[in-house]
Structure formats: C-alpha cells, structure tokens
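Each step along the sequence shown adds one to the number in the numbering used here, with nothing skipped, and position 214 is 831. Only one structure is covered here, and it is reproduced in the block below.
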Amino acid sequence: QRPGTNLNAHKFDRHAPIWSTGDSFMFHVYLSTDEDAIFEHTKRSGIASEKLPHPNAIDIDGNMGLIWEEHNLFFDTREGQERHFERNFTMSELPLAWQNQSIFAHVYFTRQRGDSNHHPQFDMGGDEVQHGVISLVAHRKRPKAKRTLNLLSGEMSQKDKDILAQNAILNITGEKEDEIVPMWKPELSLHLINENSVFPRGGVPQQMFDHMDICPDTGRYWPIVHMNDFWLMRHRMLPVNETLEELPLKLSFSVNDRIKWLMVVQWDNTMQQQLTMGTSSDKDQDEMKRIFLESNPYLLGLTAAVSILHSVFDFLAFKNDISFWRKVDSLKGLSVRSIFTSIVSQTVVFLYLCDNEASWIILISSGVGLLIEIWKIKKAMKVEVVASFPFVSFEYKDTYSSETLKYDQLAMRYLSYLLYPLSLGFSCYSLAFNQYKSWYSFLLSSAVGCVYTFGFIMMTPQLFINYKLKSVAHLPWRAMVYKFLNTIIDDLFAFVIKMPTLHRLSCFRDDVIFLIYLYQRWAYSVDRTRVNEYGLVAKDMDEIAGEG
C-alpha cells in the first residue's frame, strides 16, 4: 500500500473510486533489487524513449530495468472489452541473484489522458498512477532426491542424479540439503481489479480494505493491484545457484472483477492459516491447486457435488454395514476367505501408499476400509487368543455351511493356478527394470502390483459361489445405491486426484465386479432364504426395517 493511505479513512462519509470503468491506461513492468524503487519517464518526441531508473534497476538488454510495457488498454471487464496479455522472458545475466539478494517486479499502471503516448511522472503523488510490487524470489526448503535406484545394477534415476548434482554444488558453500534456499518464481500474473462501488463510512469489506489505497485527502480509492503468484506450485520453482545459467519468467496481465479476486484472496488466507496451525502442508496445498488447474471444470464441479453426497452415503453405508453384521446368524452363502483376502490386499495397498507419500485423502479412505474389514473377521469367525505363536487362532463358525466352504475353497484353488505364476513374473520384471528406494519398497511394490493387477480375481469367490448355487442373495435397494455411488465416486477421483498409476487402475476393478454382479442378479433368481454378503436373509432385513 502507499505510505500514509487508509490512516484517515474513517473521517470520510463515503469512498468513491478514482478511476472509472472504461478509462484508458498503460502499464510498465520493471525489475529491481530494491523493493521501494521509483522509476520516472520523460516525454521525448511523444515516445517514452528515455528512462531514468533507480540505481538498483536490473539492466536487461539495455532497457535499464524496463522489461514490458503495453498501451491503450481499458479499465473494463464487460463482455467484449476483456483483454489478456502474456510475455515470456529469459534472463541470462543476473549476478545479483547469486548474492542472496531478492529481485522485485514493479508494475506501474498509468491512466492516459488525451495523448495516448503521454507519460506522467511516476512520482506516486497524483491520481493517474498506481503501483504494485512483489518479490520474484521465495525461500523454501531445498528439494530432496528420493534416491531411488535399480537394486540389481545400482543405477540411479536421472531425476535423482540431477537433484544430487545440484545439491553437491551447493554443499561446496557449506549449505545443507534440508536448508532454506532462494527459489525463483518463473510465473507471475498481474491484475488490475475493476471495482467501482461507492462505499459508505466503515462499509468497505475488511478483505478489500487490507488491499486498498485510500487517499488521505479525499477519501477516494485507487484501483487495487493484484500481483498474483497463488497458482504457482512449488515444483515449478527453480533453486537459485551458480549452475542456473538462465532465469525464465512468464508474465501475464488482465483486468479482473472483484469476485474472482476475492475468491483467490480468501483461499490464500485460508491456506496460510492452515499452514500456521499445522493442519496442512505445502504438498497438500499444491495438490489441491493442481486439481483445480489440471481438471476439466465440469468434471471438477461434478466431482465436488457428488463428493458431498458420497460423504453422506459413506456414513449411511457404514452404519448399515455395522447393523447387518451385528445381527449375523448364519454364514451360509458368505465367503469368509474373501474377507481375509481383502484384509491382506488392503494392508499391502495402505503400506504402499504410505511409502509413496500419497495424498492424505487416499490414505484416509484406504485406512478406514482396512479397519472395517478387520472388524468383520470377529463377526465371521471365532477368534481366540492363545499362548503359542501366532498367539491368535481363527476357527470357522458352525453356520459356515459345508457346501459354501467347498465352493469357496474351489474358487481360491483355481485362482491360485493363475495368480502365483503371474505374481512371480511381475516381481522379476519390476526388479530388473524399475528403481526403488530399498528392498522394502521393492517388496511392497511387487505385492501391491499383484493386488492391483489381480485384485478383481481375488474378489471373485463370492461371484463363483453365486455361479455354483445359481442364485444371488437378496440385497436391499439402499445397499445397491451405496455400492453404485461409491463406484462412481472412485472413478471420478481416479481422474482428479494425483495417485500412483497402479492405484488409479485399481479404482476400476470394482466396476467389473459390480457389473458381473448385476448380470448375475438379472440371470439368476433372487433367493430370499439365502444369506447375503452382510450375513442376513430377507426376513432378517424386514425385521431390522421394522425396528427402525
């Protein structure tokens, strides 16, 4: 903000804008090592060919600090008046950047009067000029190499080689790998906010007041300048060191309306509060920004809307799952081995996601699913603590019918003929051609690869039992809706949320199982005397509905 502005704002009955919609203006962008630099233009033959820069201006291509200027623009966001500009720069001689100095971008917006080439002095004393400044150097922790390598040859990945080589050079100066270092911002968006409201005394929203420059003499306010680096994610920043020969810089400009600007400001404030409170990290926030930047807006909107419903139905599905399993009387028609298989699979998947530092959204979903499956074992089997290893014994309940058990064992035996050879082949291929952090990571990756690739096969014993019994159990329509919504949401998340490729592919395996089940439900009769996957027959479900 300008020095001395907003101090006497409470003295005025109203705050009107200095600039009006449709005003013509121009802007100039300078680079300097001084945050308070002041630049002046003098008129010469109607063209600003003489620049009188601050002594600390960074001279690029003989322009004495000036890198970009545009003329004859309009302070307007109405349809047909919007204009968007972009320029790319490459700076190869910035020795001051290696001397732990910051580089600032200064932008001056000048309202044009009469002669479009007239340049008033940038003395910040009049109504014609507004100024914004931002540092192009941020300070972040140095990126770390994951140090993945081929366990047989010892060859490291090229990305890790580049990071370690960079850190090796920096370590010559005594800097540590986890130290805070200067990072260059290669992108910056410049915005002038088109706000023409007249505010009564005390009526300026606090979010706007913090960014406004109100004249202490008249109570009128200059246009708001927004130097926007909010959408710049950390992985796009460049560590500043002696090996960085060129600095790329992409600048863009547009006139924005108040709503778009306030949304970004509010989001930025919320994220800063989360960082301060420790409830979020830079990585989590970058992931959220990436989702908004890379996802189709319609897909993103659909995902957000359905996600709200998914949270509600997830809770209801969990509630009904607990209610059903608490009232289990018979295990006929229920595959207990599928529960054990699911526990093993989800445990491997959860450890793999932790090892790959997946998004916390994915981790929570995987962890809750694992806990639910573990809880089901106690209801499906007799679990006792014993004195000898493994200190826990599992025993089938009497209601687990011999016919169901026979088909369950038969299905798993057939699956093992295909599963074991393919699992071995996948592990050998991964060991020969992929890089890992350790043998632990390799074992996890091999195991999860088998789970992801053949997960749909592991989930088929229940379908095999349906095939042999030529019937399907009665499933309440609410449970069908829960299954359908969960499947759709998982598919949407697979396209939106960043996750390992194998995990993304695994999201579609439930679709295959669900479609096969729908076919069986159409082809076979519904046996209302048979226990469904929740351990209840239709009669029991009617009783539960009556109790509810």
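Cβ atoms here follow ideal geometry from the backbone N, Cα and C, with glycine treated the same way.
> Residues in its own chain within less than 8 Å of asparagine 873 by CB, not counting five upstream and five downstream?
Replying inline: Position 256 of the sequence shown, counting from 1, holds the residue named residue 873. Cβ neighbours of asparagine 873 beyond the five flanking positions: Thr694, His808, Leu809, Ile810, Asn811 and His843.
> Can lysine 867 and proline 803 be called in contact, C-beta distance under 8 Å?
Replying inline: One-based indexing of the sequence shown puts residue 867 at position 250. One-based indexing of the sequence shown puts residue 803 at position 186. Closer than 8 Å, so yes.
>> Along the chain, where does the alpha helix (DSSP H) containing methionine 708 start, and where does it finish?
In response: For this step, residue 708 is matched to residue 91 along the sequence shown. Here methionine 708 belongs to no alpha helix (DSSP H); instead the beta strand (DSSP E) covers 701-708.
> Using the C-alpha atoms, what's the distance from lysine 1087 back to isoleucine 1133?
Replying inline: In the sequence shown, counting from the first residue as 1, residue 1133 sits at position 516. In the sequence shown, counting from the first residue as 1, residue 1087 sits at position 470. If I take the Cα positions, the gap works out to 14 Å.
>> So, with DSSP's three-state summary, where would you put phenylalanine 691?
In response: For this step, residue 691 is matched to residue 74 along the sequence shown. In the structure shown, phenylalanine 691 sits in a strand (DSSP, three-state: E or B).
> In whole angstroms, what separates the C-alpha of proline 799 from that of aspartate 899?
Replying inline: Here the question's residue 799 lines up with position 182 in the sequence shown. Here the question's residue 899 lines up with position 282 in the sequence shown. In a straight line, the C-alpha of proline 799 is about 16 Å away from that of aspartate 899.
> What residue from Val1129, Val724 and Asp972 has the CA that sits closest to leucine 1080's CA?
Replying inline: Position 463 of the sequence shown holds residue 1080. Checking every option, the nearest Cα to that of leucine 1080 belongs to Val1129.
> In chain order, what residues of the same chain lie with their CB nearer than 8 Å to the CB of arginine 631, ignoring the 5 residues before and after it?
Replying inline: Looking up residue 631 in the sequence shown gives position 14. Closer than 8 Å at Cβ, skipping near neighbours: Val815, Phe816, Pro817, Arg818 and Gly836.
>> On the CB-based measure, 16 or more other CB atoms within 10 Å of its CB, does isoleucine 664 come out buried or exposed?
In response: Position 47 of the sequence shown holds residue 664. Here the model assigns isoleucine 664 a pLDDT of 30, short of 50, so the residue's position is not dependable, and the following value carries that caveat. Exposed, because fewer than 16 other Cβ atoms sit within 10 Å of the Cβ of isoleucine 664.
> How big is the Cα-Cα spacing for methionine 829 and glycine 749?
Replying inline: Walking along the sequence shown from the start, residue 829 turns up at place 212. Walking along the sequence shown from the start, residue 749 turns up at place 132. Spanning the two alpha carbons is a distance of roughly 11 Å.
> Taking the C-alpha atoms as reference points, what is the distance between phenylalanine 1043 and serine 1063?
Replying inline: Taking the first residue of the sequence shown as 1, we reach residue 1043 at position 426. Taking the first residue of the sequence shown as 1, we reach residue 1063 at position 446. Answer to the nearest angstrom: the Cα atoms are 7 Å apart.
>> Beta-carbon within less than 7 Å of arginine 704's beta-carbon, same chain only, minus the 5 sequence neighbours each way: which residues are those?
In response: Within the sequence shown, numbered from 1, the residue matching residue 704 stands at position 87. If we look at arginine 704 and ignore the five residues flanking it on each side, its Cβ neighbours are Trp685 and Leu868.
>> Taking only three categories from DSSP, how would you classify leucine 753?
In response: Looking up residue 753 in the sequence shown gives position 136. It is coil, neither helix nor strand.
> Is tryptophan 636 helix, strand or coil by DSSP?
Replying inline: The residue labelled residue 636 in the question sits at position 19 within the sequence shown. Note: tryptophan 636 maps to coil in three-state DSSP.
> Helix, strand or coil: which one does DSSP assign to valine 872?
Replying inline: The count along the sequence shown starts at 1 and reaches residue 872 at position 255. If DSSP states are grouped into helix, strand and coil, valine 872 belongs with the strands.
>> Restricting to Cα atoms, I'd like to know which of Trp801, Asn813, Met905 and Ser637 is closest to threonine 707.
In response: If you number the sequence shown from 1, residue 707 lands on position 90. Out of Trp801, Asn813, Met905 and Ser637, Trp801 has the C-alpha closest to the C-alpha of threonine 707.
>> With distance defined between alpha-carbon atoms, name the residue in Gln718, Val746, Ile751 and Ile841 nearest to phenylalanine 644.
In response: Start at 1 with the first residue of the sequence shown, and residue 644 comes out as number 27. Phenylalanine 644 has its Cα closest to that of Val746, out of Gln718, Val746, Ile751 and Ile841.
> Can you give, in chain order, each stretch of the alpha helix (DSSP H) that sits fully within the region 823-851 and has at least 4 residues?
Replying inline: 823-826
> With DSSP run on the structure shown, which of helix, strand or coil describes valine 724?
Replying inline: Working through the sequence shown from its first residue, we reach residue 724 at position 107. Of the three classes helix, strand and coil, the one that applies to valine 724 here is strand, per DSSP.
> Does the beta-carbon of valine 646 have 16 or more other beta-carbons within 10 angstroms, so that it is buried, or is it exposed?
Replying inline: Here the question's residue 646 lines up with position 29 in the sequence shown. Its Cβ being crowded by 16 or more others within 10 Å, valine 646 is buried.
> Is it right to say leucine 910 is buried, meaning 16 or more other beta carbons lie within 10 angstroms of its own, or is it exposed?
Replying inline: Within the sequence shown, the letter at position 293 stands for residue 910. Under this definition leucine 910 is an exposed residue.
> So, using beta-carbon positions, are aspartate 903 and arginine 851 closer together than 8 Å?
Replying inline: Working through the sequence shown from its first residue, we reach residue 903 at position 286. Working through the sequence shown from its first residue, we reach residue 851 at position 234. Taking 8 Å as the Cβ cut-off, aspartate 903 and arginine 851 qualify as a contacting pair.
> Thinking C-alpha only, which one of Val1068, Ile720 and Gln824 is nearest threonine 609?
Replying inline: The structure shown does not extend to residue 609, since the chain is modelled only from 618 to 1165, so the question has no answer here.
>> Can you tell me whether tyrosine 1053 is buried or exposed? The criterion is at least 16 other CB atoms within 10 Å of its CB, across all chains shown.
In response: Numbered from its first residue, the sequence shown carries residue 1053 at position 436. Buried: at least 16 other Cβ atoms inside 10 Å.
> Near tryptophan 1234, which residues of its chain fall below 6 Å by C-beta distance, leaving aside the five closest residues on each side in sequence?
Replying inline: Residue 1234 lies beyond the residue range present for the chain, which begins at 618 and ends at 1165; the question has no answer from this structure.
> Whose C-beta lies closer than 7 Å to the C-beta of leucine 768 among residues of the same chain, with five residues either side of it excluded?
Replying inline: Residue 768 sits at position 151 when you count from the first residue of the sequence shown. Leu1048, Tyr1053, Trp1056 and Phe1059, listed in sequence order.
> Does DSSP put leucine 769 in a helix, in a strand, or in coil?
Replying inline: Position 152 of the sequence shown, counted from the first residue, corresponds to residue 769. Coil.
>> For phenylalanine 909, report the span of its alpha helix (DSSP H) as first-last.
In response: Residue numbering aside, residue 909 sits at position 292 when the sequence shown is read from its first letter. Here the alpha helix (DSSP H) through phenylalanine 909 covers 899-911.
>> Which residues does DSSP list as the beta-bridge partners of tryptophan 801?
In response: Translated into the one-based positions of the sequence shown, residue 801 becomes position 184. DSSP lists Val754 and Leu855 as partners of tryptophan 801.
> Do you know offhand how far histidine 1195's Cα is from leucine 917's?
Replying inline: No answer is possible for residue 1195: the residues shown for the chain start at 618 and end at 1165.
> Apart from the five residues on each side of it in sequence, which residues of its chain come closer than 7 Å, Cβ to Cβ, to tryptophan 848?
Replying inline: As a working mapping, residue 848 is identified with position 231 in the sequence shown. Around tryptophan 848: Lys906 and Leu910.
>> Would aspartate 827 and isoleucine 751 be called neighbours here (beta carbons separated by less than 8 Å)?
In response: Reading the sequence shown from its first residue, position 210 is the one you call residue 827. Reading the sequence shown from its first residue, position 134 is the one you call residue 751. Cβ distance not < 8 Å, so aspartate 827 and isoleucine 751 don't count as in contact.
>> Once DSSP output is grouped into helix, strand and coil, what is the label at tyrosine 1141?
In response: Within the sequence shown, the letter at position 524 stands for residue 1141. DSSP places tyrosine 1141 in coil when its eight states are reduced to three.
> Straight-line CA distance for alanine 633 to histidine 688?
Replying inline: If you number the sequence shown from 1, residue 633 lands on position 16. If you number the sequence shown from 1, residue 688 lands on position 71. C-alpha separation (whole angstroms): 26 Å.
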